[in-house]
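If you're matching them up, the sequences are chains Y and R in order.
The first sequence runs 1 to 285 under our numbering.
The second sequence runs 1001 to 1311 under our numbering.
C-beta: ideal position from N, C-alpha, C; glycine also.
Take a look at the structure below.
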Amino acid sequence: MELFLQTLINGLLVAGVYALVASGLALAVGVVGIVNFAHGEFLMVGAFVSYLMFTFAGLDPVISLGLAALVAFVVGAVSYYGLIRPILNAPELNQMLLTFGLSIALQNLALLMFGGDTRVVSPPYQAATVSFGGLSFGLVPLVSFLLSAGLLSGLYWFLGRTRLGFAVRAVSQNRLAPGLLGIEKEQIYLLAFGLSAALAGVAGVMLSVTLNASPTVGAAYTLKAFAIIVMAGLGNLRGVIPAAIILALAEAFVSTYIPGGGGWVEAVFFLVIFAALTWRSWRVR
Amino acid sequence: MKRASRLSGSGITIGVILLVSLVLPFLPLGRWEAFALDTAQFAFLISALALSWDLLARTGQLSLAHGAFFGLGAYAAAVASPALGTIPALLVGVLVAALSSLLLGLATLRLHGMYFAIATLAFSEVMRTFVLKASFTGGSIGMIVPPAFGGSLPLGSYYLAVLTLSLAVGASLWVARSRLSYGMAATRQGEAVARVLGVPVVRVKLIAFLISSSLAGLAGGVYGMKTLFLSPYDAFSLGRAVEALVIPIFGGLYTTLGPLLGGIILVGLETYLRLVVKDGYLVVYGVILILTILFLPKGLMGLLTKRGGHA
């Protein structure tokens, strides 16, 4: 029973970061209409910002959060302005190829600059644990979860309560009408894409402590984020949180209860995608 | 008239490339011979992979799993070859790749193209994990592959590569001339409209996917018999999936000559880059991919046939 509860809590804590990464991707897909295969690379940018700040300036990852968000926002905005905007009306195949190319380029650029080693940011509190009623969990995952929950609440508040948020949702619902109402569509796209990257960048800082900063750290999260938004329905922001919880719990339970499960965890996201798609495809008929 | 003459022009180039590939082992290359044959063989297999990817792209679908079909074909052929012999083993590789694409296609091709692309990316990742974990593949250590035809023919695997390339070229040309090509083009340009026009959209995509993955599996099988050693990091590397799609785009989508020329040029470039920068050479592919999409969406073929509408 205790093992069960512990697994449940670990899974839920991970779900926070998953939801953060996937919400960013859902923004890019839902608002801009671009399937962004480079989403995980924005996360990697955040992780490396955290690593570089910690190693060369001695900055605590908590302080790097804002900077990483800013850097990722700029990288996202520049990517949008220079690469995505020219192909907004191109065939979908070309759009997906472009973001895939961006992913390959950024990933291998990082490989050339930093090498393939995994680097961990280890502040003094990295291994600290919090005990509560016989269960214990890491301080960093707990703080990451709370921070993710806070940021997601902020995102929902922004989209649901502010005029700019209304504009973002309007653009995601209809391509033509918002322009007639005086909403600058391109600026909204820029904002949404930058915001999407910034969310990934923040998640990258968290992962630089709990996991590592390496050129390929983002690739796995691109796939997990895709698994989540495929479950939620592409571009559907509301379904992201429950879907993130499902994926994270499935992974946690597989790694605890399946013998030799450590390796199969990496296959869970695929089963989730495959199951979601099969279900969807039978429902479509 | 113009169209006919252009078609025959690219036909002649394709013929010349295939002829050169046939006689290459007998040219006086001196001490470069081993290197030239090895590079050429690699270029042929990767070009065949690129041609197979292009076949599916003609229906507007983005496959990121061609590296996985290549790897599956390679491993299946390698596992089967001691018991069955070279040619049946290659057929087993083709079958395994085709069956996996059938499963993947049945689950995803009914849906929007985005879902298909995502599912193929996930599939290729999970296949690498599977081969790393499974016991009969040698895991991360890799496995030794018996040479083609028991090593009795020194040029055996070279000519298998030529045969694979010829099959891929043949399939590409045949599909372009068949009725299927209209269904593919209609599916690509607007699925809803194609459906209304009576095109069996899902079936067209599925057939294209099956032909495409079979060819990719064949190329993989021959690749294993060329390198004589397979590891998950090589056979299932992201590099294969990237090559499979950058080459057709660089050369020219929906053509036969484009992927062929693109393959020879880019594999040459890659062979050089690997010597210079080793790990990060894929960055060049990423940049080529981005630049081509932005500035040259019709690829090299677009440059060659500037005035000729869509090639």
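Partners in chain R for residue i, counting only beta-carbon separations shorter than 8 Å
i	result
Thr278 (chain Y)	Ala1107
Val35 (chain Y)	Met1114, Ala1117 and Ile1118
Glu186 (chain Y)	By Cβ distance, chain R contributes nothing, its closest Cβ being about 17 Å from Glu186 (chain Y), past 8 Å.
Ile87 (chain Y)	Ile1293 and Leu1294
Glu2 (chain Y)	Under the 8 Å cutoff, chain R gives no residues; its nearest Cβ is about 29 Å from Glu2 (chain Y).
Ala227 (chain Y)	Ala1122
Leu97 (chain Y)	Leu1062, Leu1245, Ile1249, Leu1289 and Ile1293
Rounded C-alpha distance that separates residue i from residue j
i	j	result
Asn10 (chain Y)	Leu1153 (chain R)	58 Å
Ser208 (chain Y)	Val121 (chain Y)	6 Å
Ser144 (chain Y)	Phe269 (chain Y)	21 Å
Val32 (chain Y)	Leu247 (chain Y)	25 Å
Leu1018 (chain R)	Leu1173 (chain R)	14 Å
Ala26 (chain Y)	Gly233 (chain Y)	9 Å
Leu1296 (chain R)	Asn108 (chain Y)	23 Å
Val1199 (chain R)	Val1246 (chain R)	29 Å
Ala1034 (chain R)	Ala219 (chain Y)	37 Å
Thr1292 (chain R)	Met113 (chain Y)	24 Å
Lys185 (chain Y)	Phe166 (chain Y)	12 Å
Phe132 (chain Y)	Val21 (chain Y)	28 Å
Tyr18 (chain Y)	Ala225 (chain Y)	7 Å
Ala69 (chain Y)	Thr210 (chain Y)	18 Å
Val1283 (chain R)	Leu1238 (chain R)	12 Å
Ala1036 (chain R)	Gly1268 (chain R)	10 Å
Arg283 (chain Y)	Gly1299 (chain R)	39 Å
Leu1180 (chain R)	Val1196 (chain R)	17 Å
Thr1187 (chain R)	Leu159 (chain Y)	36 Å
Val29 (chain Y)	Ser1021 (chain R)	45 Å
Exposed unless 16 or more other CB atoms sit within 10 angstroms - verdict on residue i
i	result
Tyr303 (chain Y)	Outside the shown range of chain Y, which is 1 to 285, sits residue 303 (chain Y), and nothing can be said about it.
Leu1261 (chain R)	buried
Ala1134 (chain R)	exposed
Asn36 (chain Y)	buried
Lys971 (chain R)	Past the edges of chain R, shown from 1001 to 1311, lies residue 971 (chain R), and the structure says nothing about it.
Phe1069 (chain R)	buried
Gln173 (chain Y)	exposed
Met1 (chain Y)	exposed
Arg163 (chain Y)	exposed
Pro215 (chain Y)	buried
Phe1026 (chain R)	exposed
Arg1240 (chain R)	buried
Gly235 (chain Y)	buried
Gln1041 (chain R)	buried
Ser153 (chain Y)	exposed
Lys1278 (chain R)	exposed
Pro178 (chain Y)	buried
Whole-number beta carbon distance between residue j and residue i, since they are thought to touch under 8 Å
i	j	result
Met231 (chain Y)	Ala276 (chain Y)	5 Å
Val168 (chain Y)	Ile188 (chain Y)	6 Å
Pro1259 (chain R)	Leu1051 (chain R)	5 Å
Ser64 (chain Y)	Phe54 (chain Y)	7 Å
Phe105 (chain Y)	Val1287 (chain R)	The amino acid at residue 105 (chain Y) is misidentified as Phe; the sequence shows Ala. Indeed they touch by this definition, with Cβ atoms about 5 Å apart.
Leu155 (chain Y)	Ser23 (chain Y)	6 Å
Asn212 (chain Y)	Thr118 (chain Y)	4 Å
Pro1146 (chain R)	Ser1081 (chain R)	5 Å
Cut-off 6 Å between Cβ atoms - residues of its own chain near residue i, not counting five sequence neighbours on either side
i	result
Glu1353 (chain R)	A question about residue 1353 (chain R) goes unanswered here, because the residues of chain R that appear run from 1001 up to 1311.
Ser1212 (chain R)	Ser1052, Leu1055 and Leu1056
Ile1094 (chain R)	Going by the sequence as given, residue 1094 (chain R) is Val instead of Ile. So the list reads Ser1214, Gly1217 and Leu1218, once near-sequence residues are dropped.
Ala1065 (chain R)	Thr1120, Phe1123 and Ser1124
Leu111 (chain Y)	Pro215
Leu1104 (chain R)	Phe1123
Ala244 (chain Y)	Ala15, Tyr18, Ala19, Ala22 and Ile228
Glu1191 (chain R)	Val1201
Phe100 (chain Y)	Phe37
Within chain R, partners of residue i - CB distance below 9 Å
i	result
Ser281 (chain Y)	Leu1106, Ala1107, Thr1108, Leu1109, Arg1110, Leu1111 and Tyr1115
Phe269 (chain Y)	Ala1122, Glu1125 and Val1126
Neighbour list for residue i in chain Y, Cβ cutoff strictly below 8 Å
i	result
Pro1297 (chain R)	Ala90 and Asn94
Listed by chain order, chain Y residues near residue i by CB distance under 9 Å
i	result
Ile1264 (chain R)	Under the 9 Å cutoff, chain Y gives no residues; its nearest Cβ is about 21 Å from Ile1264 (chain R).
Thr1129 (chain R)	Gly263, Trp264, Glu266, Ala267 and Phe270
Neighbour list for residue i in chain Y, Cβ cutoff strictly below 7 Å
i	result
Glu1243 (chain R)	Within chain Y, no residue comes near Glu1243 (chain R); the closest Cβ sits about 11 Å away, beyond 7 Å.
Val1287 (chain R)	Ala105
Cutoff 8 Å; reference residue i; Cβ partners in own chain excluding five residues on either side
i	result
Ala252 (chain Y)	Thr7, Leu8, Asn10, Gly11 and Val14
Pro1028 (chain R)	none
Leu1257 (chain R)	Ser1010, Thr1013, Ile1014, Gly1251 and Met1301
Phe286 (chain Y)	Here chain Y has residues from 1 to 285 only, and residue 286 (chain Y) is not among them.
Sequence-distant residues of the same chain with beta carbon closer than 7 Å to residue i, five excluded per side
i	result
Tyr1075 (chain R)	Val1131, Thr1137, Leu1230 and Ala1235
Leu59 (chain Y)	Met53
Val75 (chain Y)	Phe42, Val45 and Ala197
Under 7 Å by beta carbon: chain R residues contacting residue i
i	result
Val230 (chain Y)	Tyr1115 and Ile1118
Original post:
Between the region 1265 to 1282 of chain R and chain B, which residues of the former have a C-beta closer than 9 Å to a C-beta of the latter?
Top reply: Protein chains in the displayed structure are Y and R, and chain B is not among them.
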